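Worksheet: the structure to be examined is printed underneath.
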Amino acid sequence: MIFTPTSKVIVQGIMEPLGVTCAPLMKEYGTQVVAGISPGFGGQTLKGIPVFDMLEQALPLIGSVDAAVICTPPYAALDAALEAIAAGIRQVILISQGIPPLDMVHLIRKAEATETLLVGPNSPGIIVPGQILLGIHPPNLYTPGSVGLISRSGTLTYEVAWTLTQAGLGQSIGVSVGGDMIVGSSFPQWLQILDEDDRTEVIVLVGEIGGDSEEAAAHYIEEAIDKPVVAYIAGRSAPRGRRMGHAGAIIDSQIADFGPDVGSADSKVNAFKRAKIPVADRPSEIPTLVNELIKTSAQRSAG
Amino acid sequence: MIFTPTSKVIVQGIMEPLGVTCAPLMKEYGTQVVAGISPGFGGQTLKGIPVFDMLEQALPLIGSVDAAVICTPPYAALDAALEAIAAGIRQVILISQGIPPLDMVHLIRKAEATETLLVGPNSPGIIVPGQILLGIHPPNLYTPGSVGLISRSGTLTYEVAWTLTQAGLGQSIGVSVGGDMIVGSSFPQWLQILDEDDRTEVIVLVGEIGGDSEEAAAHYIEEAIDKPVVAYIAGRSAPRGRRMGHAGAIIDSQIADFGPDVGSADSKVNAFKRAKIPVADRPSEIPTLVNELIKTSAQRSAG
Amino acid sequence: MDLLEYQAKELFREMGIPVLPSQRIDRPRDLKGLELPYPIVLKSQVYMGGRGRVGGVRFAENTIDAVAAAQTIFNLPIMGEYPKVLLAEAKYDVQQELYLAVALNRSIRRPVLLGSLKGGIDVRAAIDEMKYVVVDQEFSPFFARRLMLKMGLQGALINSVSAIVEKMYRLFLDNDLDLVEINPLGVSPTGEVMALDGKVTVNDDALARHPALAALNPKAPADPLHALDKLTPQTARSPEVVSTLNSDGQIGILCNGAGLTMATMDLVCQSGGKPANFLDIGSETHYSCMPDILGERLENGLEAIAQNKQVRVVLINLVSGTVSCEQIADAIVRFLQHQSRKVRSISEAREDGLVSRVARNPQLVVRLVGSHLAEAKERLSTTQALIIDDLEIAVSQAVSFTKQTKKPT
Amino acid sequence: MDLLEYQAKELFREMGIPVLPSQRIDRPRDLKGLELPYPIVLKSQVYMGGRGRVGGVRFAENTIDAVAAAQTIFNLPIMGEYPKVLLAEAKYDVQQELYLAVALNRSIRRPVLLGSLKGGIDVRAAIDEMKYVVVDQEFSPFFARRLMLKMGLQGALINSVSAIVEKMYRLFLDNDLDLVEINPLGVSPTGEVMALDGKVTVNDDALARHPALAALNPKAPADPLHALDKLTPQTARSPEVVSTLNSDGQIGILCNGAGLTMATMDLVCQSGGKPANFLDIGSETHYSCMPDILGERLENGLEAIAQNKQVRVVLINLVSGTVSCEQIADAIVRFLQHQSRKVRSISEAREDGLVSRVARNPQLVVRLVGSHLAEAKERLSTTQALIIDDLEIAVSQAVSFTKQTKKPT
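One line per chain: the protein sequences are A, B, C and D, in this order. First residue of the first sequence? That's 139 in the working numbering, and the numbers climb one at a time after it. First residue of the second sequence? That's 139 in the working numbering, and the numbers climb one at a time after it. First residue of the third sequence? That's -19 in the working numbering, and the numbers climb one at a time after it. First residue of the fourth sequence? That's -19 in the working numbering, and the numbers climb one at a time after it.
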C-alpha cells in the first residue's frame, strides 16, 4: 500500500473550518501531519501543527512530503494542488466540494503529466484502518481487515464501512474517489491499486446513479481484476429525469460507450451482472456477499 | 549535425505568400519538403508539394517528419507549432515575424516539456550549405565550409555569409535565432550545438543592440565553448534611448545580470572583449579575424 | 444553470460569434416598437427543448401577424413551461445547417467538441452524423480543425466553422460552462455562417465567480433528480430546498450526504414505503463545514420537511464523522420544542382546536451513527422521537407508522 | 503601445483592481462639473515619467484652486510632453506604499512578477528593495504569494496584495501586455489596498487582436531607437515611417532588415558620414511578404526619405533572397522617373526656375546583393544612380558625395 504510517502529510487550508476539523482528526489517528498551510496564518499552530503561509517555507524544515490534504475554499483548491505538485508532492487528496469542473480538468492534465495521484474533490479522502487517515473518515466506524472499500460517496461510505465492521469484516482501505462531476481518480485506477495490494482480499464498490463510472468499473473488473468484487448501487428509487436536456441526450449518446440508458440504476446493476459481479440490493447484504466470496475464494485456494 | 539532406520537412502556411516563396526555395535546394499544410487548401499542390488541411492527414502518407517550417500569419503560428509538436515533430522553425511574445512564452514552455528545438520567430531559419535549407536564406550567398554562423538578424546574416563566401570561407551552418522580442532558442543553445558539430571549426556570432543575449553569449563562450569565436555587433551608431521608461529601468536593473548599461553596443562589445573574444568593427573584418583564428588554431594543433 | 436563447446569443455576440439582429419581446405590444425589418421570426424563450415542433417558433410578415403570433406563443406551454420572454429575430437564408457543441464529459474528464453535418430540429439525424474530438490537452485551434475534418467539411468552410468552434471553446473556458451548443449553425449560399439557435449551461459550482452570469438568475424549473444527482453543493448556510417526490407519499427523509439519502430512500421503497419528499442537509466536505452548522441545518431542514402536511413520519438517518450524535440529538430536541410551541400558539389563537390536528408534528424516527450515541439516546428519551440503531429496523418502523396511522381528514 | 494613467486605471477597474473615484478632465472648465468631493488630486496624463517631481501632480481644496492648478498643469511640459488630458481623483490616506509590476523579460523569456516594499516616487528606494519571481511555468496564484513572502509581507496583507498581483497577471495575459505596473499601491491604516498610479504597455505585435485597446491609439512620441530596436513588424503595405537622426546630416539610408540598417549606418558613421535619416523597408519574414511588395515599399521609401530636403545622398543597401536585383532596379528606375516628372512640373509652374534646385533629386548610391545583379546594373546604367558591388566602397562613395557637393543655399 502506498499509504503507510510513516507517510508525511500536510494539510492545505488548515485554518479553514474544514481544515480545523480535519487536521486534528488525522493527527489523533496517528497520521504524521507535519505542517499546515494557510496564507496569512504563517507562524501560528493548530493543535501542535505548525502553520505556514506557503508550502515552500515549510519544506526546508519538514523535508520531503508524501501527501497533501486540501481543505481550502473550492476556488482556491486548484492553486493549492498546483502548489503541492510544484513542491514535488505526488499524492493530493481534495476534500473540499464544489471545485469548478474546468479547474479539475486543468489539474488532471497536470497530474497526468507529473504522475500525481489525485483523490477527490468532494471526498472524505482515504483511511487505511489502523495505519493512516488522509481526510475525514470517522475512524471509529472502521476496523483493520481485508475488505477494500471504494466509493464515490461520503457518508454512504461510512455507512457501508460500519455495516462491514459490525459484521466482523475489517477493511484494508476506505477510499472515496469523490462526488463532484469531475474527479481526479477513477474506479479502475483504484481497482488496480487494490488488486495489487497484499492486504486486500475482497473489494466492495459502492456506486450511485449518474455518470458512467460504475459501468466503466464493471467493464474494467471483467477485463483486469482478479480479486472478487461486490457492488452496491444507491439511487434505484430516484425519479428518472433529463440531465442536460436535448443537447445532453445527443452528447451522452455519442460519448458514452455503454448504451443510451447510461447513468440509471438499471444500467449500472446490469453492467455488474453482465460482468458476473454480485450486486447487493441493500447495504446489509454487502457483508453476506463478501463472506460468500471469501468462502469461495478460500475453497478455491484450498482446492 | 542534426539537420541532414535526409531530414523530412513540412511547411505550415505553405499557401501564404511567405510559404509560396519559402517552400519552393527549400525544395530547389534539395530539401525533402514532403508536404505543405494550409487549412482550406487540402488536396492542392504547390510546385509538386502536396498540400493538406491538417498535419495529421499528411502523416499516414508521408511517415514521420523531422522538421516543420512555419510561414503562417503571426497569430496562427502558435497553433501551427502546437499542431506540429502534437504530431511528434521536434524541430520547429518559425519564419514569420510579429508573433505575440506571450504566444512564444506559451510555446517555449511546451517546447521545453517536449524537448523540441525552436528556431525563430522572425528568422530566415537554418541553412546547412550544400545539405539542406530550412527557411529563406538565399542559397547562392552561402558555400559549404567550416564557419558556423549564428545571428539574430535576417538580411545582415546574409550580408555576413556573403562576406565570408567572397573571402573563400565556407560555412558549416547559417542560423538566425530570430529578431523578435521573445525567441525560441538562445545563442548559448546554438553555441553548444556548433561546439559539438564536427564540421564547424570557427564560430561567427552576429549580434545587435537591445536585450542581453550577446552579453549572455559572451559569458557562455568563456565558460563552456572550446572552439574559437568571432563576434560582430550592429548598432554602434544608433542613438541611445529609453526602452520601457521608468518601469523598464527598474525591471532591467533587477533582472539583468550584466549591469545597468545592458543592451547598448558598448555593453555587448565589452562583454566579448572581457571574454577575450575578438570583435570585428565592420563586416569586412570578420573574414580577417576568422583567418587569424584558424591559423592560431592550426598552429596549436601542429604544436 | 441554463441560459435562455437570447441570453446565450448575447454571450455569442460579445465573443464575436455571428448572430442575427434581434430584439427581446416582453409582451406582444413591444412588437409595435420593433426595430427589425419584416419578415421576422418569433421564438418562445423557454428552457425546455422541442419548441419548434409544437409551434413555439413562428414567422411574421408584418406587425399585425407578429402581435397575433406573439400572443399565441406566450400562451403556449413548451413541455409545461410558459415563456416569459420571446425573441424577435431577422430571417436568414440558409443552404446548410450544422450542429456544433462544446461539452464537458464527466467520464472522459475532458471537454469534447461535437459536430454534425445534419443540424436543425431533427435530433436523430444530427446524432447519426455526430463526430467528436476530445480536448485531451490544453486547447489550441487545431482541435477545432480536427473536428472539421472528421465532419467532412472542405475548403473555406474549414476555416470559417473552426473559427466558430474556437470562439465557442473560449466562451466555454472563460465562463466555466458545462455546455455551449449552436444548433443550427446556418451556412448561407455564399458560405457565411450564422448562429441561429444557441444553448448555454453554466456550471453551478463555478457560478459564483461569474457574477454577470449569476445575475441572469433564470429560475429554471426545479428538478428533483437534479438535487440528488448533481450533488449541487449548497453553501453551508443556504436555505434548505426540499425535493418533493410523491404527492401521496407520507414519509419525509432527511439525511446527510447525497449517496446516503439515495440509499435510505431505496430502503424505504424496498420496505413498501412511499417517500413524500427528501432533504440532503449536506455532506461534510464543504470547506466551511462546522459542527454547529450541521445542527442548524438539521433544525431548519426538519422545519422545511414538516411544511408538507402530507408527511406523517420523518426518517432521519445521519452518519457523521465530525459532529457527535449528542449535538445532533440537541438539534432534534430544539426542533421539537419549537414545533410544540407553534402548535400551542396556533391552538391558543383559534379556539376551535381544529388546527392542532392539522399542525400536528410528524412522528420522528431517528437513526444515528457516530460518537456519543449513548448520550444522544439519553437526550431523545424524553421526546416523541424514536431512536433506533439499525438502519433497516428504523426504515421498517418508519414505514409501519404510515400504515398504522390513518391519514388526517 | 503605452497607455495613459486614466486608461490603465479603466482596465484595472474592469479587472476588479481597486482604484479611486476619478474623472477625466479635458479642459480646466470641466472642473466646474466635477462629481468628486474635494479635496482632490489633479494629475498630468503624459507618457513620460517623473511628473510628480516637476509639478505635474497638484492637490486642490475647491473649484477655484482646482481650475488654477489645471491651467498650470496643462501648460507644464513633462520632459517635453504637454498633457492633453488630466485626471482628477479623490485623495487617499496611505500608511504604506508598495511597488508592484508584471513584466515580460526577454532574456529569461518568461513573465516576471516584481514587488518592492518601498513604492512611490523614489525610484532608487524601490529598486533597492525590489524582489522578483519568474513565472517559469503556467501562472497560478501561488507565484504571487511567493512574491509576497520574498517582499516580506505578513498576515492579511499576503492575501490582499497577492490578490492584486493575481489580477495584474490576468490583465497582463488577457491583453498581451509587455508591462503592467502599480506604483504606488497604497495600503490604508486599516489594511485596505488601492492602486494609486498605474502604467500599462501593450505589446505592439499583439495589438491587432485587442481592438478595444488598439482604439485608444495614444500616438506616443516617436522614438528613433524604437523603430530600429523593437523591430516593429510593419504590415506589408503600411506607410513608410522614416526615422530622423541628425538635423545637419546629409545622407539618407535605406535598407531591408533592421540589423542590416544598423550595420550600414555604423559603416557610414565610421567613414565620417552623418546620416540624416534612415528607413528599414522590412525584412523578408513577414508572412504576406511578396516580391512585388518589396519593390513598392522601396519606391515609397525613397519618396519618403527624399522628403527631407537636407538629404543629398541616399545610400540604398539591399540584400535579398526572395526578390531579384533586377526587380529592385526596376523600382529604383520608377522612382527616378517619378521624381524627374515632379521636378519638371514644378519648374513649369514657376518660371523663375528657382524651385528646380530646391526640389533637386538626391544622388542615389545603390548596393545590391542577390540574383540577377548584372541585369540590375544594366537597368541602372542609364540613370543617375551609382551602383557599386562592395558595401564599404559604396559607403565611402556616398560619404564623399556629401563632402564634394556644397549644400544648396
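Note that CB positions come from ideal geometry on N, CA and C, so glycine has one too. It should be emphasised that the depicted structure is a prediction, and the values quoted were computed from it without experimental measurement.
Of all C-beta pairs linking the region 206 to 214 of chain A to the region 222 to 241 of chain A, three or more are shorter than 8 angstroms, placing the two stretches in contact.
Under DSSP, the beta-bridge partners assigned to Ser2 of chain D are D:Glu69. By the CB criterion at 8 angstroms, Ile347 of chain A and Ala376 of chain A fall inside the cutoff.
When C-alpha distances from Ala284 of chain C are compared across C:Gly232, C:Tyr79, C:Asp246, the shortest belongs to C:Gly232. Here Arg277 of chain D is not near Asp310 of chain D, since their CB atoms are 8 angstroms or more apart.
Residue burial is scored here from C-beta neighbours: Phe123 of chain C has at least 16 other C-beta atoms within 10 angstroms and is therefore classed as buried. The beta strand (DSSP E) runs of length 3 or more contained entirely in the region 263 to 330 of chain A are, from start to end of the chain, 263 to 266, 270 to 273, 282 to 289, 309 to 314. Interface criterion met: the Cβ of Gly237 of chain C is under 8 angstroms from a Cβ in chain A. Using a Cβ distance threshold of 8 angstroms, Ala206 of chain A and Ile227 of chain A count as a contacting pair. Burial state of Thr170 of chain C is exposed, judged by a 10 Å Cβ sphere holding fewer than 16 other Cβ atoms.
Within chain B, the C-beta atoms nearer than 7 angstroms to that of Leu129 of chain C come from Asp191, Met192, Gln195, in chain order. Contact between the region 365 to 382 of chain C and the region 239 to 252 of chain C is present: 3 or more CB-CB pairs across the two stretches fall below 8 angstroms.
DSSP places Ser24 of chain C inside the beta strand (DSSP E), whose first and last residues are 20 to 24.
For Ala49 of chain C, the uninterrupted alpha helix (DSSP H) segment begins and ends at 43 to 54. From the beta-carbon of Ile424 of chain A, no residue of chain C is found nearer than 7 angstroms; the closest lies around 11 angstroms away.
Think of a sphere of 8 angstroms around the beta carbon of Glu118 of chain D: the chain B residues whose beta carbon falls inside it are Arg247, in chain order. Contacts with chain A at 8 angstroms (Cβ-Cβ) do not include Ile88 of chain D. Leu153 of chain D reaches chain B at Leu240, counting residues in chain order whose Cβ is nearer than 9 angstroms. Taking the C-beta atoms as reference points, Gln25 of chain D is found nearer than 8 angstroms to Tyr(-14) of chain D. The beta carbon of Val115 of chain D is closer than 6 angstroms to those of Arg90, Pro91, Phe123 in its chain, skipping five residues each way along the sequence.
Excluding five sequence positions before and after Leu156 of chain B, the CB atoms of its chain that fall closer than 7 angstroms to its own CB belong to Cys209, Ile233, Ser234, given in chain order. When the five nearest sequence neighbours on each side are left out, the beta carbons in the same chain lying within less than 6 angstroms of the beta carbon of Glu69 of chain D are those of Leu0, Ser2, Val21, in order along the chain. Three or more beta-carbon pairs separated by less than 8 angstroms link the region 301 to 315 of chain D to the region 271 to 286 of chain B, which places the two stretches in contact. With a threshold of 8 angstroms between beta carbons, Gly178 of chain A makes contact with chain D. Below the 8 angstroms Cβ cutoff, chain A contributes Pro155, Leu156, Thr159 as neighbours of Cys269 of chain C, in chain order. For Leu366 of chain D, the closest alpha carbon among the candidates D:Arg321, D:Gln384, D:Leu344 is that of D:Leu344. The C-beta of Gln235 of chain A comes closer than 8 angstroms to at least one C-beta of chain C.
Counting along the chain, the unbroken beta strand (DSSP E) around Glu77 of chain D starts and ends at 76 to 85.
With fewer than 16 other CB atoms across the displayed protein chains lying within 10 angstroms of its CB, Leu199 of chain A is exposed. Counted as a single uninterrupted DSSP element, the alpha helix (DSSP H) harbouring Phe122 of chain D occupies residues 121 to 131. The straight-line gap separating the alpha-carbon atoms of Met174 of chain C and His357 of chain A is approximately 42 angstroms. The Cβ atoms of Ser291 of chain A and Gly262 of chain C lie no closer than 8 angstroms to each other. Between Val203 of chain B and Gly306 of chain B, the alpha-carbon positions lie close to 35 angstroms from each other.
In the three-state reduction of the DSSP assignment, Ile308 of chain C falls in the helix class.
One alpha carbon belongs to Gly132 of chain D, the other to Leu56 of chain D, and they sit about 39 angstroms apart. Rounded to whole angstroms, the Cβ separation of Leu151 of chain D and Gly99 of chain D is 18 angstroms, and the two are not in contact under 8 angstroms.
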